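Accompanying notes for the structure given below.
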Amino acid sequence: MKAVVLSLVIAVALTGCFASKPPGNVGFARAPSLHDLEGTYENRGEGNPKHDDYPTRLSEIIWPKEPVSFHALIGTIQVRADGETTLIVRAEELGGGLAREQTFTAGKDFEFRSGRLLLHGGWKNSLSEPEAGGLFLMHQSRELGIDSKGEGKYKGTEDVIGAAYLVVPIAVHGTTEVRFVRLKD
């Protein structure tokens, strides 16, 4: 009986939620068209000041497979709509010059719903990661758009359920919101 009570206490202790938001955070604006997202944005996002040592960069959201050194060199991200289904995104280096340009298409690279870009997320598990310390299922969703003040906005959510060391049940929900300043052209 003591083992059951101890397991329940540990399970409750390892169940939780967290949220990270910038000061003065506001919600998403409804952007009727991809053209409403056009602009130049600072690459370094404004998030929770407590985590300022590890800022979220817009380029990391757009190109997650690039190395950290690539993202550290990017100063601004320029977004331009080409028609109603295509975005052209340019990463400009801190000192000027083009670092990368890529075209993204609705239906293939993102979904455009309620004025937001829904980036591919989904489910994954820890079966291929023996160092994870247990068996976990994770669900991630990512959204980009503009906030009600006209700045760039990112919202990422992550849910994790599983068993640490195959014994201790864990359930965690986290939300991260970041603002990307839109520069005046």
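Residue numbers are given in the working numbering: position 57 of the sequence shown equals residue 61, and the series is strictly consecutive. All residues carry an ideal CB built from backbone N, CA and C; glycine is no exception. Here the structure is a predicted model, which means the values were calculated and not measured.
When the Cα of residue i is compared with those of the options, which residue comes out closest?
{"i": "G51", "options": "D57, K25, H39", "result": "K25"}
{"i": "L141", "options": "S118, I174, G149", "result": "I174"}
{"i": "L38", "options": "I165, G156, N47", "result": "G156"}
{"i": "V72", "options": "I81, T80, T60", "result": "T60"}
{"i": "A168", "options": "K159, D151, V182, E133", "result": "E133"}
{"i": "I65", "options": "V182, K188, T109", "result": "V182"}
{"i": "G31", "options": "R84, K159, H75", "result": "K159"}
{"i": "H55", "options": "T180, S145, V185", "result": "T180"}
Quick one: what does DSSP say residue i is sitting in, helix, strand or coil?
{"i": "S73", "result": "helix"}
{"i": "S24", "result": "strand"}
{"i": "K128", "result": "strand"}
{"i": "P36", "result": "coil"}
{"i": "P134", "result": "helix"}
{"i": "S64", "result": "The amino acid at residue 64 is misidentified as Ser; the sequence shows Glu. Correct three-state label for E64: helix."}
Who does residue i pair with in a DSSP beta bridge?
{"i": "K159", "result": "E147, E181"}
{"i": "P59", "result": "According to DSSP, which records beta bridges pairwise, P59 is partnered with nothing at all."}
{"i": "I92", "result": "R84, T107"}
Please classify residue i: is it buried, with 16 or more other beta-carbons within 10 angstroms of its beta-carbon, or exposed?
{"i": "N47", "result": "buried"}
{"i": "S152", "result": "exposed"}
Assuming the contact rule is C-beta atoms closer than 8 Å, residue i and residue j should be a hit. Round their C-beta distance to whole Å, please.
{"i": "E88", "j": "R120", "result": "In fact, because the Cβ distance is near 15 Å, the residues do not count as touching under 8 Å."}
{"i": "T90", "j": "T107", "result": "6 Å"}
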